[in-house]
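Engineer:
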Amino acid sequence: MMESLAVSLVNAVPALSGVPLWTMTLLVMVVVAAVVLTFALLYAGLATYVERKVAGDIQARIGPNRVGPLGLLQFLADGIKLLLKEDIIPAKADRFLFALAPYLVFIGSFAAFVVVPFGVGLIASDLNIGVYYVMAISSLVVVGVMLAGWSSNNKWALLGGMRAAAQIVSYEVPVGMALLPAVLIAGSLSLQDIVRSQGGLLGIFGWNLFHNPFTFVSFFLYYTAALAETNRTPFDIPEAESELVSGYHVEYSGIRFAFFFLAEYGDMFVVSALATACFLGGWHVPFLDAEALPVAWGNLFSLGVFLAKALGLVLLMMWIRWTLPRLRVDQLMRMSWKYLVPITFFNLLGVSLWLLVFHGKGIPRMIASLFG
Amino acid sequence: MLADFATVLVFIVLGAVTVALMLGISRLLRPRNPTPVKLSTYECGEVPFGSSWVQFNIRFYVVALIFLIFDVEVALLYPWAVIFRRLGLLAFVEAFIFIVILLAGLAYLWKEGDLEWVRTVQETPPPKEGK
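This is the structure we're talking about:
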């Protein structure tokens, strides 16, 4: 895809024809990555603002309202403040690992954006192992979190890091299993293929969410497990303010802390984007085929639809955070191993049996075929 | 095909460069006046004692072991899911047997109490009344 973009760019601008193709391709890749990075940072900034506004509304206060109109520039002020803060590395910490941890966490979160299908043609790289890739690359975050917790040489940080690792690891199994129904239906791991498999004339009933009762359940299973994967309340045991101060990043200050923060919001978006692509039809919207529109309009329109759905799910995460209390650590582990894991396994068998018995047809399509 | 993964590499490099760049900018701007107290480990204002690299709960290892088994299973089920609709009944039966064996393992762990975070300890009987 990148190569064809580079070729069309060379064709459009004759002055570039002397440049070798691989250089152009690389240049296009860097530009695309920079655009996605800008989006990720801007989104993370605005998400912190929205989170605080939502918290304010739920707790009957105003929230940030001083910097800029309605406090909208609060995230810029926060960013500059974090940039200017002194960077403290505790004397007892393992300096190399302490410095390495933010890199791993940030890269693990940012690299997952590669396969997010923002629109009809808007995907940095449509890897043929898309879903699998996200699962793999986001495991880097666990390594970073554990390193951060251990290298700080702080009891709170160590406990938080260990808890985070145990939790993320425990919920990775249900997350992986709950995404499988979408893969089963599409017969592909590529996220664009999965989104395309949910199109058609059925409108919202073409989405995997309504395909059959098992996929309906697996969306909620996925969303619950994903909340735990991103360490969000009610599963924010690793950061439990009231017992662990703030968990694995307690010794981090200034801009190093900011990377953990950015990574958490990045993860939230990736998780919501996966849920959107796998269960909520991605950039599909009823009665309008974005692929049939002219390329530019189709992309713009599908980008809007996709962002609306994904950011809606992010907003839901924030709503949940400020509504539900935190689970205890033993409840958390019980939830994963005793409930989510067995349920997702039976659910997977259910979906595959359904596909086998009804030849891959979902309930909406069967109803539609009744009426011709 | 390989170009697709080159994009991944570009993303990883750009991510690392971003972190390094922002740390560099911050280094130019931020103050730097460390004191021994400031660099001491944070323990809610108490004077910290000892190293934190201590033994921790054995449960974490058990969780890691269970995870290892199940994650390998998930990894094996992904390729199965991709070609499931082409293979049909055979694939279903195979996955069914595979999953049932693992669920039997889970049931065993459950029965043995390895899934409990806090294992109930046999309480020592209270000392007898009297002399």
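Top line first, the protein sequences correspond to chains A and B.
In terms of my numbering, the first sequence is residues 1 to 372.
In terms of my numbering, the second sequence is residues 1001 to 1131.
Backbone N, C-alpha and C fix where the C-beta goes; we use that ideal spot for every residue, glycine too.
Buried or exposed: A/Asn212, going by 16 or more other Cβ atoms within 10 Å of its Cβ?
Structural biologist: Locating residue 212 of chain A in the first sequence gives position 212, where the first residue counts as 1. Buried.
Engineer: Between the region 258-277 of chain A and chain B, which residues of the former have CB atoms less than 9 Å from a CB of the latter, in chain order?
Structural biologist: Ala258 and Phe259
Engineer: According to DSSP, which residues form a beta bridge with A/Val271?
Structural biologist: The residue you call residue 271 of chain A lines up with position 271 of the first sequence. In DSSP, A/Val271 forms no bridge with anything.
Engineer: Against chain A, with Cβ distances strictly below 9 Å, would B/Ala1104 count as a contact?
Structural biologist: Here residue 1104 of chain B refers to the residue found at position 104 of the second sequence. False, the Cβ-Cβ gap to chain A never drops below 9 Å.
Engineer: DSSP three-state call for A/Val285: helix, strand or coil?
Structural biologist: By one-based count along the first sequence, residue 285 of chain A stands at place 285. Of the three classes helix, strand and coil, the one that applies to A/Val285 here is strand, per DSSP.
Engineer: Just the chain A side, please: which residues come within less than 8 Å of B/Ile1099 by C-beta, in chain order?
Structural biologist: Your numbering for residue 1099 of chain B matches position 99 in the second sequence. Within chain A, the residues near B/Ile1099 are Phe345, Leu348 and Leu349.
Engineer: Would you say B/Gly1113 lies against chain A (beta-carbon separation less than 9 Å)?
Structural biologist: Residue numbering aside, residue 1113 of chain B sits at position 113 when the second sequence is read from its first letter. Answer no: the Cβ-Cβ gap between B/Gly1113 and chain A never drops below 9 Å.
Engineer: Could you tell me the boundaries of the alpha helix (DSSP H) in which B/Thr1035 lies?
Structural biologist: The residue labelled residue 1035 of chain B in the question sits at position 35 within the second sequence. Here B/Thr1035 belongs to no alpha helix (DSSP H), and DSSP marks it neither H nor E.
Engineer: Beta carbon of B/Arg1086, beta carbon of A/Asp87: below 9 Å?
Structural biologist: Locating residue 1086 of chain B in the second sequence gives position 86, where the first residue counts as 1. Locating residue 87 of chain A in the first sequence gives position 87, where the first residue counts as 1. Going by C-beta atoms, B/Arg1086 is not nearer than 9 Å to A/Asp87.
Engineer: Taking 6 Å as the limit between beta carbons, can you name the residues of its chain near A/Gly121, skipping five residues before and five after?
Structural biologist: Along the first sequence, read from residue 1 onward, the residue named residue 121 of chain A stands at position 121. So the qualifying residues of the chain are Asn299.
Engineer: Do A/Gln74 and A/Tyr49 come within 9 Å of each other at the CB atom, strictly closer than that value?
Structural biologist: On the first sequence, residue 49 of chain A is found 49 positions in, with the first residue counted as 1. On the first sequence, residue 74 of chain A is found 74 positions in, with the first residue counted as 1. Cβ atoms of A/Tyr49 and A/Gln74: closer than 9 Å.
Engineer: Which bits of chain C does B/Ile1012 rub up against, with CB to CB less than 7 Å?
Structural biologist: Included in the structure are the protein chains A and B, with no chain C among them.
Engineer: Rounded to whole angstroms, what's the CA-CA distance from A/Gln198 to A/Ala275? Just pull it up for me.
Structural biologist: As a position in the first sequence, residue 198 of chain A is number 198, starting the count at 1. As a position in the first sequence, residue 275 of chain A is number 275, starting the count at 1. Taking the straight line from one Cα to the other gives about 13 Å.
Engineer: Can you tell me whether DSSP reads A/Leu72 as helix, strand or coil?
Structural biologist: Translated into the one-based positions of the first sequence, residue 72 of chain A becomes position 72. A/Leu72 falls in the coil class under three-state DSSP.
Engineer: Measuring only the C-alpha atoms, how far is B/Ala1020 from A/Thr224?
Structural biologist: The residue given as residue 1020 of chain B occupies position 20 in the second sequence. The residue given as residue 224 of chain A occupies position 224 in the first sequence. Distance from the CA of B/Ala1020 to the CA of A/Thr224, rounded to the nearest whole angstrom, comes to 34 Å.
Engineer: Would you call B/Glu1046 buried or exposed, if buried means 16 or more other Cβ atoms sit within 10 Å of its Cβ?
Structural biologist: Locating residue 1046 of chain B in the second sequence gives position 46, counting from the first residue. So B/Glu1046 ends up on the exposed side.
Engineer: Go ahead and pull the three-state DSSP assignment for A/Glu264.
Structural biologist: For the purposes of this step, residue 264 of chain A is taken as residue 264 along the first sequence, with counting starting at 1. Here A/Glu264 sits in helix by DSSP.
Engineer: For a test of the three-state rule: what should DSSP assign to A/Gln167, helix, strand or coil?
Structural biologist: Residue 167 of chain A sits at position 167 when you count from the first residue of the first sequence. If DSSP states are grouped into helix, strand and coil, A/Gln167 belongs with the helices.
Engineer: Does the beta carbon of A/Pro87 come closer than 9 Å to any beta carbon on chain B?
Structural biologist: As a working mapping, residue 87 of chain A is identified with position 87 in the first sequence. Reading the sequence as shown, one finds Asp at residue 87 of chain A and not Pro. By this cut-off, A/Asp87 is an interface position.
Engineer: How would you call A/Lys155, buried or exposed, if buried means at least 16 neighbouring beta carbons within 10 angstroms?
Structural biologist: Position 155 of the first sequence, counted from the first residue, corresponds to residue 155 of chain A. It counts as buried.
Engineer: Name, please, each residue of chain B whose Cβ falls closer than 8 Å to the Cβ of A/Met29.
Structural biologist: The residue labelled residue 29 of chain A in the question sits at position 29 within the first sequence. Contact note: A/Met29 reaches chain B through Ala1006, Thr1007 and Val1010, using a C-beta cutoff of 8 Å and chain order.
Engineer: Any beta-carbon of chain B closer than 9 Å to the one on A/Pro342?
Structural biologist: Translated into positions along the first sequence, residue 342 of chain A becomes position 342. For A/Pro342, the answer is yes, since a Cβ of chain B falls inside 9 Å of its Cβ.
Engineer: Give me the Cα-Cα distance between A/Gly45 and A/Leu332, rounded to the nearest whole angstrom.
Structural biologist: For the purposes of this step, residue 45 of chain A is taken as the residue at position 45 of the first sequence. For the purposes of this step, residue 332 of chain A is taken as the residue at position 332 of the first sequence. One C-alpha to the other measures close to 30 Å.
Engineer: Once the 5 residues before and after A/Gly161 are set aside, which same chain residues still bring their CB inside 7 Å of it?
Structural biologist: Position 161 of the first sequence, counted from the start, is the residue given in the question as residue 161 of chain A. Closer than 7 Å at Cβ, skipping near neighbours: Val145, Met146, Ala148, Gly149, Trp150 and Tyr248.
Engineer: So what does DSSP say about A/Leu26, is it helix, strand or coil?
Structural biologist: Against the first sequence, residue 26 of chain A aligns to sequence position 26. Residue state, collapsed to three classes: helix.
Engineer: Please list, in chain order, all residues of the same chain as A/Gly130 whose beta carbon is under 6 Å from its beta carbon, the five residues on each side excluded.
Structural biologist: Your numbering for residue 130 of chain A matches position 130 in the first sequence. Contacts found: Val115, Leu189, Ser190 and Leu191.
Engineer: Touching or not, the region 271-289 of chain A and the region 309-329 of chain A, by the rule of three or more beta carbon pairs under 8 Å?
Structural biologist: yes
Engineer: Find the nearest neighbour of B/Val1062 within the set B/Phe1005, B/Thr1007, B/Leu1115 and B/Asp1004, judged by alpha-carbon distance.
Structural biologist: Here residue 1062 of chain B corresponds to residue number 62 of the second sequence, with the count starting at 1. From the listed residues B/Phe1005, B/Thr1007, B/Leu1115 and B/Asp1004, the smallest Cα separation to B/Val1062 is found for B/Leu1115.
Engineer: Any idea if A/Asn347 is buried or exposed, counting beta-carbon neighbours within 10 angstroms, 16 or more meaning buried?
Structural biologist: Here residue 347 of chain A refers to the residue found at position 347 when the first sequence is read from its first residue. Buried, by the Cβ-count rule.
Engineer: Would A/Glu172 count as contacting chain B if we go by Cβ distances under 9 Å?
Structural biologist: The sequence position of residue 172 of chain A within the first sequence is 172, counting from 1. Closer than 9 Å to some Cβ of chain B, the Cβ of A/Glu172 qualifies, so yes.
Engineer: If you follow the alpha helix (DSSP H) that A/Glu251 is part of, which residue opens it and which one closes it?
Structural biologist: Counting from one through the first sequence, the residue named residue 251 of chain A turns up at place 251. Taken as a continuous stretch (DSSP letters only), A/Glu251 belongs to no alpha helix (DSSP H), as it is neither H nor E.
Engineer: Which residues in chain A sit within 7 Å of B/Leu1023, going by Cβ to Cβ distance?
Structural biologist: The sequence position of residue 1023 of chain B within the second sequence is 23, counting from 1. Neighbours of B/Leu1023 on chain A, chain order: Ile255.
Engineer: With DSSP as the reference, label A/Leu127 as helix, strand or coil.
Structural biologist: For this step, residue 127 of chain A is matched to residue 127 along the first sequence. Coil.
Engineer: Looking only at its own chain, which residues have a Cβ that is under 6 Å from the Cβ of A/Leu262, when we skip the five neighbours before and after it?
Structural biologist: By 1-based counting over the first sequence, the position of residue 262 of chain A is 262. Sequence-distant Cβ neighbours of A/Leu262 in its own chain, meaning closer than 6 Å and more than five residues away, are Ala44.
Engineer: Closest to A/Leu316 by CA distance: which of A/Leu104, A/Arg232 and A/Phe96 is it?
Structural biologist: Counting from 1 along the first sequence, the entry for residue 316 of chain A is found at position 316. For the residues A/Leu104, A/Arg232 and A/Phe96, the minimum Cα distance to A/Leu316 belongs to A/Arg232.
Engineer: For A/Asp126, which residues in the same chain have their Cβ closer than 6 Å to its Cβ, ignoring the five residues on either side in sequence?
Structural biologist: One-based indexing of the first sequence puts residue 126 of chain A at position 126. Excluding residues within five positions, the ones whose Cβ falls inside 6 Å are Ser190 and Gln192.
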